[in-house]
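Colleague: The sequence shown lines up with residues 1 to 607 when you count with the numbering used here.
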Amino acid sequence: MRAPTYTPTFTPVEAYHARFTAPSGPTLGNTIGRVLVAGGADLNQMSSIHAAIQALTDDTAGRARALQDKAALTNLVDTHAGLNGGAAVATQPQALDELTKIQAAGQAALGTPGMITAYDQQIGPALNDAANQITGHALRQAGVERQAVTDQELQSAQQAAASAWQDPARFVQGLDTVKAIAAGQTGNAENEDDRAAVVRTAVGGAVAKAVGQALAAGEPEFAAHIMGGWGDTLAPAAYQVAVARLGQAAQTQRMASIFGEAAGGNAQTAGAETPPPSPDAIAISAPTGAAVHPIAGGTVTALDGAPDNATVRILHPDGSSTAYGGLGMAAVAPGDLVTPGHVIGSASPVITLAATSPAGDAADAGTLLRNAGGIGAVIGQADTPRSWDISAMRDRIAQRGDLSPEDQVLATNFAVRRMTADQAQLAANDAGAGRSIVSLFAASPDSIRHAADLPADLAAQMSPTALARVDAALRGAAQAATTPAPDNATALRLELLQRQSPDIFSQVNLAPLIGTVNPADLARIAENQAAVATGQDARDPQDRRTAILDAVAQHEVMNANSLPDEALPAIQNRADTLLRLNRIDPGDRTTIGNAVTDAIQSQIGQS
């Protein structure tokens with residue numbers, strides 16, 4: 001069978017054209033092209049989304065860093081705000097530089113321009129605010145510093161003017177300087193009245209200081225003169241205070257005058273003279289109540305005519321003697337040991353000086369006085385501390401018929417305060433000098449055998465009565481065959497007193513105990529006394545001995561009864577033996593207290 005014959009429906013030319021002409025319907029090429037076009041549009045949209053995400057990420061990172069650095073800026077501003085005066089001014093450039101460094105470090109830590117842009121947008125205002133705060137604080141503190149310098153300049157001028165209160169010309173010149181400085185500070189004053197008020201206040205400050213210095217120097221007349229000339233520059237309150245102080249100072253001065261007159265024997269006539277007791281004696285004019293000193297050291301051998309018109313006789317080491325007559329009140333007693341630094345009494349308007357040679361013949365008192373340095377060697381200051389006869393002083397003030405009852409009360413109160421203060425000062429001097437003497441003796445007992453071996457200024461610090469006791473103690477120690485045993489009754493009682501009554505302990509003069517207490521014990525007690533006197537803790541070691549003494553002191557306080565002094569060494573030794581044998585730690589205060597109680601019972605049968 002023959003195959004069917006294919007008959008084309010178009011000519012070969014048409015077939016060629018059909019092959020190379022794009023079909024009018026969908027084809028594979030057409031479809032791929034369209035997909036590519038559509039995909040390009042989607043890709044463009046995805047790129048925009050990615051860019052938006054990146055921008056948001058950059059903004060977040062930049063803001064986060066900015067927030068972190070804002071905290072650093074706040075800390076820096078707070079730190080600078082805590083500085084005052086010149087410190088704030090001096091550190092302002094460094095603080096501003098630190099701001100720049102914070103910003104630079106923040107920018108360097110960020111990875112993209114977008115982050116940096118976001119960071120700068122947030123940190124910029126904060127940087128400006130921080131810089132303004134730091135600069136503003138520095139400017140304010142510069143003003144404060146300038147004002148402080150100006151105030152100091154004014155205060156220095158006020159003090160300089162006040163210090164010249166005794167020299168009217170210099171005082172006026174100083175006030176003019178104060179006026180000029182104060183006037184220069186009134187540039188911001190609104191009107192002339194305000195400026196005048198500033199100047200008046202500044203001058204008033206100098207005047208108030210001058211009045212205070214005059215009163216402190218005991219010159220109320222000068223203070224009153226200053227008040228009369230410039231008192232109107234003081235503020236009303238300051239003026240009232242100054243007037244009150246003037247009145248008080250005048251009254252105190254008057255009471256002091258009455259006291260001095262009583263100390264001098266209530267002499268009514270300053271020019272009255274007591275005839276010298278012998279042709280060889282001389283009369284010495286003196287301010288009533290002034291201190292009288294001997295021209296040489298020695299021992300007081302007699303006191304005649306006390307308490308009125310007293311005469312003090314002193315035997316000197318070379319056998320010569322001097323007598324000081326016409327004393328309003330004596331400050332020594334027979335047996336006292338004196339040096340030229342001591343006060344032997346109070347001066348009446350005229351005192352007498354007589355002298356004898358070692359052979360007992362009359363000596364030229366005038367020559368002796370000149371050799372000693374003149375009247376200044378005998379007549380001292382009115383306020384020099386001395387021993388007083390309080391009863392005699394009260395009687396003399398009470399006998400003043402020219403005083404009103406009120407003035408007598410005021411004068412008596414003044415006298416009691418003055419005499420009490422003198423006694424306290426002398427006791428403190430005795431205690432302090434005693435500690436020094438004990439230290440010298442403990443260091444070299446063989447070189448100090450009597451008071452004459454002591455430094456002159458140290459001996460003069462002690463009262464005449466105490467110095468005599470020290471001299472006797474030193475002589476006794478030099479002649480003693482043996483040295484006192486450690487921890488004897490006297491030493492232990494002093495250490496108990498240290499624990500129970502520190503105030504009384506600090507006032508004990510230890511030097512007269514030389515020869516009765518072991519030198520090492522006495523030196524340790526003196527060291528503890530010095531610590532107590534200055535408000536410090538005693539330097540006792542924390543050992544068994546200290547714990548035993550603490551327990552003994554507590555036992556006496558708890559039982560309100562002092563143990564016999566002679567039993568103290570045995571109690572201390574027995575307690576120490578008990579603790580040592582049982583190896584008790586010094587910190588075990590309960591066991592130590594029980595051991596001390598047993599020791600006390602064994603010695604004196606006390607429960």
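Note that the Cβ used here is the ideal one computed from N, Cα and C, for glycine as well.
Can you tell me which residues form a DSSP beta bridge with Thr356?
Modeller: Translated into the one-based positions of the sequence shown, residue 356 becomes position 356. Answer is Ser321 and Ala362.
Colleague: Tell me the DSSP bridge mates of Ser285?
Modeller: Within the sequence shown, the letter at position 285 stands for residue 285. DSSP output for Ser285 lists Val350 as bridge partner(s).
Colleague: Consult DSSP for Gln268 and reduce its assignment to one of helix, strand or coil.
Modeller: Sequence index remark: in the sequence shown, residue 268 carries index 268 (1-based). Per-residue confidence for Gln268 stands at a pLDDT of 43, beneath the threshold of 50, marking its modelled position as unreliable; the derived number appears in the next sentence. Three-state result, Gln268: coil.
Colleague: Can you check DSSP and say which residues form a bridge with Gly298?
Modeller: Taking the first residue of the sequence shown as 1, we reach residue 298 at position 298. Its beta-bridge partners are Val338.
Colleague: According to the Cβ coordinates, are Ile571 and Ile584 closer than 8 Å?
Modeller: Here the question's residue 571 lines up with position 571 in the sequence shown. Here the question's residue 584 lines up with position 584 in the sequence shown. Cβ distance not < 8 Å, so Ile571 and Ile584 don't count as in contact.
Colleague: Measuring CA to CA, which of Asp395, Leu467, Asn429 and Ala451 is closest to Asn413?
Modeller: Here residue 413 refers to the residue found at position 413 of the sequence shown. Per the Cα distances, Asp395.
Colleague: Since Asp521 and Ala491 are thought to touch, with beta carbons under 8 Å apart, how far apart are those beta carbons, to the nearest angstrom?
Modeller: Residue numbering aside, residue 521 sits at position 521 when the sequence shown is read from its first letter. Residue numbering aside, residue 491 sits at position 491 when the sequence shown is read from its first letter. Right, their Cβ atoms sit about 4 Å apart.
Colleague: Kindly indicate which three-state DSSP category Met329 falls into: helix, strand or coil?
Modeller: Residue mapping note: residue 329 aligns to position 329 of the sequence shown, counting from 1. Three-state result, Met329: strand.
Colleague: Taking Ala118 as part of the alpha helix (DSSP H), name the residues at either end of that continuous run.
Modeller: Taking the sequence shown and counting its residues from 1, one reaches residue 118 at position 118. That run of the alpha helix (DSSP H) goes Pro113 to Ser163.
Colleague: Have a look at Gly341 and Ala169 and give me their C-alpha separation to the nearest angstrom.
Modeller: Against the sequence shown, residue 341 aligns to sequence position 341. Against the sequence shown, residue 169 aligns to sequence position 169. Cα to Cα, the separation comes out at about 39 Å.
Colleague: Once DSSP output is grouped into helix, strand and coil, what is the label at Ala64?
Modeller: Here residue 64 is taken as the residue at index 64 of the sequence shown, counted from 1. Note: Ala64 maps to helix in three-state DSSP.
Colleague: Alpha carbon to alpha carbon, what distance is there between Asn488 and Arg475?
Modeller: As a first step, residue 475 must be located in the sequence shown, where it is residue number 475. As a first step, residue 488 must be located in the sequence shown, where it is residue number 488. Looking at the two C-alpha atoms, the distance is approximately 20 Å.
Colleague: To which residues does DSSP link Ala291 through a beta bridge?
Modeller: Stepping through the sequence shown from its first residue, residue 291 is reached at position 291. Beta-bridge pairing links Ala291 to Ser346.
Colleague: Counting pairs of Cβ atoms below 8 Å between the stretch 447–462 and the stretch 528–542, do you hit three or more?
Modeller: Short answer: they don't touch.
Colleague: Starting from Arg313, follow its DSSP beta bridges and name the residues at the other end.
Modeller: Residue 313 sits at position 313 when you count from the first residue of the sequence shown. For Arg313, which the question treats as bridged, DSSP gives the partners Ala302 and Ala323.
Colleague: Would you grab the beta carbon distance between Pro307 and Asp389 for me? Rounded to a whole angstrom, and I think it's under 8 Å.
Modeller: Taking the sequence shown and counting its residues from 1, the one referred to as residue 307 is at position 307. Taking the sequence shown and counting its residues from 1, the one referred to as residue 389 is at position 389. Rounded, the Cβ-Cβ distance is 5 Å, consistent with contact.
Colleague: Helix, strand or coil for Val378, going by three-state DSSP, please let me know.
Modeller: Sequence index remark: in the sequence shown, residue 378 carries index 378 (1-based). The answer is coil: DSSP assigns Val378 none of H, G, I, E or B.
Colleague: So, at 6 Å on beta carbons, what are the nonlocal neighbours of Gly328 in its own chain, with the 5 sequence-adjacent residues on each side left out?
Modeller: On the sequence shown, position 328 is the one that residue 328 refers to. The answer, listed in chain order, is Ala263, Gly264, Gly265, Ser346 and Ser348.
Colleague: Let me make sure I understand the geometry here. Which of Pro236, Leu56, Ala235 and Ala242 has the alpha-carbon closest to that of Ile226?
Modeller: Taking the first residue of the sequence shown as 1, we reach residue 226 at position 226. It is Ala242.
Colleague: Let me know the secondary structure DSSP gives Gln601 once reduced to three states.
Modeller: The count along the sequence shown starts at 1 and reaches residue 601 at position 601. Gln601 falls in the helix class under three-state DSSP.
Colleague: Quick check: the stretch 501–513 against the stretch 435–454, are at least 3 beta-carbon pairs closer than 8 Å?
Modeller: The answer is yes - the stretch 501–513 touches the stretch 435–454, with three or more Cβ pairs under 8 Å.
Colleague: Pick out the complete alpha helix (DSSP H) segments inside the stretch 542–587, 4 residues or longer, and give them in chain order.
Modeller: DSSP runs (the alpha helix (DSSP H)) wholly in the stretch 542–587: 544–559 and 568–581.
Colleague: Counting C-beta neighbours from all protein chains within 10 Å, is the total for Lys101 16 or more, i.e. buried, or is it exposed?
Modeller: Walking along the sequence shown from the start, residue 101 turns up at place 101. Per the 10 Å Cβ criterion, exposed.
Colleague: Spatial neighbours of Thr85 within its chain, please: C-beta separation below 8 Å, excluding the five flanking residues on both sides.
Modeller: For the purposes of this step, residue 85 is taken as residue 85 along the sequence shown, with counting starting at 1. The amino acid occupying residue 85 in the given sequence is Gly; Thr does not appear at that position. If we look at Gly85 and ignore the five residues flanking it on each side, its Cβ neighbours are Gln141, Val144, Glu145 and Ala148.
Colleague: Which complete alpha helix (DSSP H) runs does the stretch 397–456 hold, if anything under 4 residues is left out?
Modeller: Complete alpha helix (DSSP H) runs here, min 4: 405–443.
Colleague: Can you tell me whether Ile604 is buried or exposed, with buried defined as 16 or more other CB within 10 angstroms of its CB?
Modeller: Stepping through the sequence shown from its first residue, residue 604 is reached at position 604. Under this definition Ile604 is an exposed residue.
Colleague: Please return the same chain residues whose Cβ sits closer than 6 Å to the Cβ of Asp336, not counting the five positions on each side in sequence.
Modeller: Position 336 of the sequence shown holds residue 336. Contacts found: Val300, Pro464, Thr465 and Ala468.
Colleague: Considering only the alpha carbon of each residue, which of Tyr119, Asp543 and Ala452 lies closest to Ala296?
Modeller: Against the sequence shown, residue 296 aligns to sequence position 296. Considering only alpha carbons, the answer is Ala452.
Colleague: Could you tell me the alpha carbon to alpha carbon distance between Thr74 and Ala244, rounded to whole angstroms?
Modeller: Walking along the sequence shown from the start, residue 74 turns up at place 74. Walking along the sequence shown from the start, residue 244 turns up at place 244. Going from the Cα of Thr74 to the Cα of Ala244 covers about 55 Å.
Colleague: Helix, strand or coil for Val532, going by three-state DSSP, please let me know.
Modeller: On the sequence shown, position 532 is the one that residue 532 refers to. Three-state result, Val532: helix.
Colleague: Quick one: what does DSSP say Val659 is sitting in, helix, strand or coil?
Modeller: Nothing in the structure corresponds to residue 659, since the chain is present only between 1 and 607.
Colleague: Mind reading off the beta-carbon distance from Gln507 to Val557? Whole number of angstroms is fine, and I expect it under 8 Å.
Modeller: Residue numbering aside, residue 507 sits at position 507 when the sequence shown is read from its first letter. Residue numbering aside, residue 557 sits at position 557 when the sequence shown is read from its first letter. The pair is not a contact, with the Cβ atoms about 20 Å apart (cut-off 8 Å).
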